[in-house]
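Protein chains in written order, with our numbering: chain A, 3 to 112; chain B, 3 to 112; chain C, 3 to 112; chain D, 3 to 112. Before any comments, here is the structure.
There are 4 protein chains.
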Amino acid sequence: METGLEELTARLRQAVHERGWAPFHTPKNLAMALAGEAGELLAEFQWLTPEESRRVMDSPEKAEAVRSELADVFSYLLELADVLGVDLIEATNKKADIVARRYAEGYYGD
Amino acid sequence: METGLEELTARLRQAVHERGWAPFHTPKNLAMALAGEAGELLAEFQWLTPEESRRVMDSPEKAEAVRSELADVFSYLLELADVLGVDLIEATNKKADIVARRYAEGYYGD
Amino acid sequence: METGLEELTARLRQAVHERGWAPFHTPKNLAMALAGEAGELLAEFQWLTPEESRRVMDSPEKAEAVRSELADVFSYLLELADVLGVDLIEATNKKADIVARRYAEGYYGD
Amino acid sequence: METGLEELTARLRQAVHERGWAPFHTPKNLAMALAGEAGELLAEFQWLTPEESRRVMDSPEKAEAVRSELADVFSYLLELADVLGVDLIEATNKKADIVARRYAEGYYGD
């Protein structure tokens, strides 16, 4: 019955408030934290060949590290969208519509 | 019923395959694209004061730019998790458990 | 004689002051701008194979884009080091000493 | 008599070769490493107020961490420019000319 996404967002929001982190979690600071975590995720892949990167989950420790970094990125993304009042699913579907239209018109970037 | 998250992931996966982008979308390259989009999101906030960043959605154009960058980050995050076979909701709940435990033990970082 | 590095730093510093940008160029904001530019540099390479990335300067337009992004990263790095009073050459030589010592001791990361 | 910049670049180049890292240090991978280090630098500033960020060097440990991250960013930037054959000083002066021209024309971005 439930998406999990709303529950997770509510859980993260509550933890931030209980810990007194809310004054630090401005949109500016959350965008920085998100980019910092994206950098850590990047570091998991930087010396791998493309092929090795496809098999990264074969190693249990590496898989755990990657899952942990993906979780960090997602946590800050959810929190940032939450404080900004953005519905991530809706915004991403809308952007996918735009990319699809551009693609159909022969513009291939995104 | 439906979560929205799975539908969106399936939509993105299908678009990538239809456009022939799959060979380029290695985990390594998707991690790069995600970090690049996180950098663009960062750029929306870099010259703002903390207070201005809290009011960023008051301007319709700025709000649209922020939603578009959040969508780009989320698109690559969903696609990366998908090609790696990672359940983002599960991984993030698990990480939140770890952060909660660390916090309770007096370790405040994350 | 002259290094070029000090002249360039002085030039960037003067331009920032003349344009009234100094109040915005806090260390925090400069670190964000640097990371944002690093993300744009990343975008120049994200869909390239390792081999294609080695030949990126063969295309005049691509070479120009890469030079421009490297310059943006360097500009913010020089400015950030300048406002923090850090001697980049000295700090980097010192870090290279540390990495060399770690490497000699069998610790290969950095 | 010497710039320090060329010596430092030569030192980094030699260390990479001696350690057998050259095959991994493609432009693509170096751009990733640079962005990853820019993310770590970002993390030093993410929870600071603008004012706190201006005083970051007042704490000896924090100052050391910041110098270390600046050094990591600069190391990869120098190495990337070196493998691509780009003269960083020249490219950055050229970019500063372009920014100055745009500024004079009333276009304030960069």
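Virtual Cβ for every residue (Gly too), placed ideally from N, Cα, C.
Counting only the same chain and skipping the five closest in sequence on each side, list residues whose C-beta sits under 7 Å from that of residue i.
i: L82(D); result: P29, L32, A33 and L36
i: A17(D); result: none
i: S77(C); result: L14
i: D112(D); result: Caution applies to D112(D), whose pLDDT of 47 falls short of 50 and renders its modelled position unreliable; the model cannot decide the point.
i: L10(D); result: L80
i: D84(A); result: T11 and R15
i: A24(D); result: V18
The alpha helix (DSSP H) with residue i in it runs from where to where?
i: D1(C); result: With chain C covering only 3 through 112, there is no way to say anything about residue 1(C).
i: M34(A); result: P29 to F47
i: V85(A); result: P62 to L86
i: T11(A); result: L7 to E20
i: R56(C); result: P52 to R56
Please go through the same chain and pick out, in chain order, the residues whose beta-carbon is closer than 8 Å to the beta-carbon of residue i, but skip the five residues on each side of it.
i: V75(C); result: L36, E39, A40 and L43
i: M59(A); result: A65 and V68
i: L79(D); result: L36 and L90
i: E46(B); result: V58, K64, A67, V68 and E71
i: H19(B); result: none
i: L50(D); result: V58
Nearest to residue i by alpha carbon, out of the options?
i: R56(A); options: E46(B), V18(B), Y105(B) and F26(B); result: F26(B)
i: K97(C); options: L79(D), A106(D), Y109(D) and S70(D); result: S70(D)
i: V88(B); options: V85(A), V88(A) and V68(A); result: V68(A)
i: P62(C); options: W49(D), L86(D) and G6(D); result: L86(D)
i: L72(A); options: N95(B), L50(B), L7(B) and T51(B); result: N95(B)
i: Y105(A); options: A106(B), A12(B), G22(B) and G6(B); result: G22(B)
i: L7(D); options: R103(C), E92(C) and W49(C); result: E92(C)
Please go through the same chain and pick out, in chain order, the residues whose beta-carbon is closer than 6 Å to the beta-carbon of residue i, but skip the five residues on each side of it.
i: Y109(D); result: none
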